[in-house]
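Numbering (the numbering used here), first residue to last: 26 to 557.
C-beta atoms are modelled at their ideal positions from N, C-alpha and C, and glycine is treated no differently.
Structure, as structure tokens:
Structural data, given as structure tokens:
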């Protein structure tokens, strides 16, 4: 009987030991991960966290991964070794051993519970989870379908140059000009916005659009600004490239301009396939895609060339100048859309012409470099003969995801996406500072090209050159954010996703990718072998 009781005690002791080791290690990893998460991404929301957790690692800065390992994995491994050493050292002293075992179970559970509770409250996870199961009619009630809207273009159609600036915010200007920094990091972009139209009315402070849920990462931003709706999808944020269509039931800026006979081109310094950008722009507007892979194919850059995500912005603007001269010789109006990349998090890419104005602050130097390059590009355009009949839109794609660039900004400051319209065909009809989102860029861009929109609204957007109130001016920013975080029957119909596509299931790890087979015929016998 004593032997049986001894075996039972040893069994439970072994289970307790294993549990203490596992809990101590995992709780340490969890606690340090939560601390690192909030230190890395300031003003983190649940939407942004889900994006970071589900986004592919492609393009992620290796230093960020290394930082996570150093900050979280290393402490967990040290705790693992410590617990094992303690158990080994006191294995013959039962009371001490049992105390270590109890502490190794109870303390990690308390620490993990406290950390999870802190994250739960700060991210408002309860509301986020509740919203995922709730349908809202906000989009359904306020969406204006371009197919049902009369849009009239002028007889002489204007060209369009649309420049998406990676992670560019009005925040980077100095406080005097409406930013949040002591020293202006983007002086040239500040001047461009003040000299042209950013819908700040009589105020000298920069004004930009709010990036709403479903518009806070690059492909979502590009989609929302040209369709007037969020990229609200039930699959991973950057997995639209696994689909065979990209919101096929939606009419976008590219569709409208294609119908009007525009030649359309997308130029980016990275692989356009990523995130579904190639699919979106080819399906909606039949754009010519001039990306990193194209640049290698035509010899713009060497086959083995790679900087940052592909090629740097300095080259992008050079290639764009050549392309614009080519497009301007055509008989048809053109739309050239650009996307910069040097200012992508983490800390950006300092090219050879970047200044060191801000010393060791690399991201500020990269932002300043981008500001100067964009301004020089605009000056070059303004000296060309086609400029007179060309509208230029410059817009940040979304607020930066850099870990610490905006960490010292007061929580009361409202971060907005940089926006300016240059050489618009129409003038602003109000002197008031407008409250708007990036959805409003859709009809506003068409209006800036001289198009008349019956009702001055498209998608969830409002023509800012009109006096019609935007949805944020009508309902408020917080109400709009809350409603857009919920499901929408209309959005599901517009997206028409195929969640069973093999490409998507493979990416999600639900099925394995089949190894391709090749058939070999020898005489009358057919053999198959794996292709390595």
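- Between the beta-carbon of residue 231 and that of residue 198 there is about 5 angstroms, and that keeps the pair under the 8 angstroms contact cut.
- Annotation for residue 474: no beta strand (DSSP E) segment contains it, and DSSP assigns it neither H nor E.
- Contact check for residue 112 against residue 131 fails: the beta carbons are separated by 8 angstroms or more.
- Per DSSP, residue 185 lies in no alpha helix (DSSP H) segment; the continuous beta strand (DSSP E) that holds it begins and ends at 184-190.
- Residue 275 and residue 253 have their alpha carbons spaced roughly 10 angstroms apart.
- Excluding sequence positions up to five before and after residue 176, its CB lies within less than 6 angstroms of the CB of 476 and 478, all in the same chain and listed in chain order.
- Between the C-alpha atoms of residue 219 and residue 213 there is a straight-line separation of about 10 angstroms.
- When the beta-carbon positions are compared, residue 216 and residue 292 stay at least 8 angstroms from each other.
- Distance between residue 339 and residue 179, taken at the CA atoms: about 35 angstroms.
- Around the Cβ of residue 106, a 10 Å sphere holds fewer than 16 other Cβ atoms; the residue is exposed.
- Listed in chain order, the beta strand (DSSP E) elements of length 3 or more contained wholly in the region 226-302 are 288-293.
- Taking the Cβ atoms as the reference, residue 357 lies roughly 5 angstroms from residue 288, within the contact range of under 8 angstroms.
- Residue 359: not part of any alpha helix (DSSP H); member of the beta strand (DSSP E) spanning 359-364, first to last residue.
- With 16 or more other Cβ atoms from the protein chains shown falling within 10 Å of its own Cβ, residue 239 counts as buried.
- In the DSSP assignment, residue 352 falls within the unbroken alpha helix (DSSP H) covering 338-352.
- Of all alpha-carbon atoms in 485, 371 and 48, the one lying nearest the alpha-carbon of residue 430 is that of 371.
- Scanning its chain for C-beta atoms nearer than 8 angstroms, with the 5 sequence neighbours on each side dropped, one finds around residue 116 the residues 122, in chain order.
- By the Cβ criterion, the region 295-306 is in contact with the region 244-253, since at least three pairs of Cβ atoms, one from each stretch, lie closer than 8 angstroms.
- Pairing residue 383 with residue 393, the inter-Cα distance amounts to about 9 angstroms.
- Cβ neighbours of residue 502 within its own chain (closer than 7 angstroms, five residues either side excluded): 235.
- Residue 316 places its beta carbon 8 angstroms or farther from that of residue 332.
- With respect to the C-alpha of residue 444, the residue from 187, 267 and 261 having the closest C-alpha is 187.
- In the DSSP assignment, the residues bridged to residue 332 are 335.
- Under the DSSP definition of a beta bridge, residue 482 partners with 487.
- Annotation: the continuous beta strand (DSSP E) that includes residue 419 extends over 415-421.
- Straight across, the Cα-Cα distance linking residue 446 with residue 422 is about 15 angstroms.
- In the three-state reduction of the DSSP assignment, residue 500 falls in the helix class, which pools H, G and I.
- Counting the other CB atoms within 10 Å of its CB gives residue 488 a total of 16 or more, which places it among the buried residues.
- Here the alpha carbon of residue 416 sits roughly 17 angstroms from the alpha carbon of residue 342.
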